[in-house]
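Using the numbering used here, you'd call the opening residue of the sequence shown number 15 and step up by one each time. Beta carbons are placed, not taken as given, at the ideal position from N, Cα and C, and that holds for glycine. Here the structure is a predicted model, which is why all the values come from computation and not from measurement. Worksheet: the structure to be examined is printed underneath.
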Amino acid sequence: MQTAGGFPVLIRAFRLALVVEGLRPHTVYNYTRNAERLATYFQDRVPKSISASDIRTYVATLQERFAPKTIHEAQLALRRFFRYLVREGEIRRDPTSDMKLMRYRVNPQPTYTEAEVRRLLAVCDQRTREGVRDRALVTVLFDTGAREGEIVSMGLPNWDLRTVWVDGKTGKRQVYLGVAALQSVERYTRRWGIMEGPLWIGKKGQLTGSGVLQIIRRLCHRAGVEHKAVHGFRRAAAAQMKRLGMNDSDILEVMGWKDVTMLRRYTSAVAGELAQLAHDRYSPGDALRHR
Numbered sequence: 015m016q017t018a019g020g021f022p023v024l025i026r027a028f029r030l031a032l033v034v035e036g037l038r039p040h041t042v043y044n045y046t047r048n049a050e051r052l053a054t055y056f057q058d059r060v061p062k063s064i065s066a067s068d069i070r071t072y073v074a075t076l077q078e079r080f081a082p083k084t085i086h087e088a089q090l091a092l093r094r095f096f097r098y099l100v101r102e103g104e105i106r107r108d109p110t111s112d113m114k115l116m117r118y119r120v121n122p123q124p125t126y127t128e129a130e131v132r133r134l135l136a137v138c139d140q141r142t143r144e145g146v147r148d149r150a151l152v153t154v155l156f157d158t159g160a161r162e163g164e165i166v167s168m169g170l171p172n173w174d175l176r177t178v179w180v181d182g183k184t185g186k187r188q189v190y191l192g193v194a195a196l197q198s199v200e201r202y203t204r205r206w207g208i209m210e211g212p213l214w215i216g217k218k219g220q221l222t223g224s225g226v227l228q229i230i231r232r233l234c235h236r237a238g239v240e241h242k243a244v245h246g247f248r249r250a251a252a253a254q255m256k257r258l259g260m261n262d263s264d265i266l267e268v269m270g271w272k273d274v275t276m277l278r279r280y281t282s283a284v285a286g287e288l289a290q291l292a293h294d295r296y297s298p299g300d301a302l303r304h305r
C-alpha cells in the first residue's frame, strides 16, 4: 500500500533499511546521498511519478558533471532505492529495471610484487628489536591483506586457531594468519615482551596508522622498492591468493569483501598474469594430451 510520503520521508526510510541491513556507514551515506540528489533534481515530484524515461534523462545530466565510475555508483544506488520502494509497496514498477549501467575502465593500482615483498623482508635486521617487529609487520600485511586501520587495531592472536580480531572499515571481523605469519608474530611478541594489549608497538607506545606508514616507507627506501603505501600490501595479498588458486568466495571471506567488485579492481594490475596462469592450469589444448 502506498503512503502519502514524498522523497524526504521515503529516503529516511531507505536510510534506516540500509542501516538495519548492516551496510557500512560510508555505503549508507553514498546511497542516500544519490537518492537525495535525484530528489533535488525532480524537486516537487514524488517517487511514484518517476518513469524510466525520467531516469535516462537524469543519468544523461550526470554525464555532464561526473566521471563514468561515479555515474556507475549513482546508478547502483538508485536501483537499490527504487527496488526498496517496490518491496515496500510505495511504487508498482521500478523505473531503473531496464537501466544499463555505465561501464568504466578500472585503472590498475600500485601493487607490491612477490619479489618486492621478499626484498622488504630481507632488509629487516633480525638482530634488532625493530627489525624483528618490522619483519612481522610486513609478513602479516602480505599474509592477511588487512587494512591499515585493521592492523593497528590488532591485539594478540589466538595462537591455537591462528586468528586475530580486527576493527576497521567494515567493523569487527576475524583475520586468519598463516603459519609463517604466526611464527613471525610469536617471535616479535616474545622479543618485545608483549603479553597483552595492542599488538603493534613503537618507541612511544601503540603504533598508529602514521607509524605503520613510516615503517613501510623506511623499509622501501632501504630495499630500493617503490613505495606503494600500506594499502599496496592488500592488493598484493589479493593477487597472490589468486595466483595460488584460491577461489573467489574464499578470497572475499578472507579480505572482508561482500562481492567481487573490489577483488577485480585490486587484481586489475596483474590481470594478464593471472589469466596466463589460469590458462596454463586449465588449457583445453593441453588437456587433450592427457586423455
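On the criterion of 16 or more Cβ atoms from any shown chain inside 10 Å, does residue i qualify as buried, or is it exposed?
| i | result |
| --- | --- |
| residue 28 | buried |
| residue 16 | With a pLDDT of 48 at residue 16, under the threshold of 50, the modelled position of this residue cannot be trusted, and the question is left open. |
| residue 248 | buried |
| residue 275 | exposed |
| residue 300 | exposed |
| residue 214 | buried |
| residue 308 | For residue 308 there is no data in the structure shown, the boundaries of the chain being 15 and 305. |
| residue 290 | exposed |
| residue 161 | buried |
| residue 34 | exposed |
| residue 157 | buried |
| residue 101 | exposed |
| residue 150 | buried |
| residue 281 | buried |
| residue 184 | buried |
| residue 193 | exposed |
| residue 209 | exposed |
| residue 263 | exposed |
| residue 142 | exposed |
| residue 111 | exposed |
| residue 171 | buried |
| residue 126 | buried |
Please report the residue range of the alpha helix (DSSP H) in which residue i lies.
| i | result |
| --- | --- |
| residue 179 | Note, residue 179: premise wrong, no alpha helix (DSSP H); beta strand (DSSP E) at 177–182. |
| residue 34 | 21–35 |
| residue 256 | 245–257 |
| residue 228 | 223–237 |
| residue 139 | That residue, residue 139, is in no alpha helix (DSSP H); it is neither H nor E in DSSP. |
| residue 292 | 285–296 |
| residue 265 | 262–269 |
| residue 276 | 275–280 |
Give me whichever residues DSSP pairs with residue i in a beta bridge.
| i | result |
| --- | --- |
| residue 190 | 177 |
| residue 185 | 182 |
| residue 44 | Answer by DSSP bridge pairing: none, since residue 44 is not bridged. |
| residue 212 | 169 |
| residue 220 | 215 |
Are the CB atoms of residue i and residue j nearer to each other than 9 angstroms?
| i | j | result |
| --- | --- | --- |
| residue 238 | residue 303 | no |
| residue 95 | residue 49 | yes |
| residue 152 | residue 233 | yes |
| residue 61 | residue 104 | yes |
| residue 255 | residue 163 | no |
| residue 179 | residue 196 | no |
| residue 124 | residue 285 | no |
| residue 148 | residue 109 | no |
| residue 227 | residue 252 | no |
| residue 188 | residue 203 | no |
| residue 221 | residue 166 | yes |
| residue 169 | residue 211 | yes |
| residue 116 | residue 85 | yes |
| residue 32 | residue 42 | yes |
| residue 257 | residue 288 | yes |
| residue 190 | residue 268 | yes |
| residue 9 | residue 88 | A query on residue 9 cannot be resolved here, the shown segment of the chain reaching from 15 to 305 and no further. |
| residue 118 | residue 83 | yes |
Fully enclosed by the segment 57–87, which beta strand (DSSP E) runs are 3 residues long or longer?
None, since the segment 57–87 contains no complete beta strand (DSSP E) of that length.
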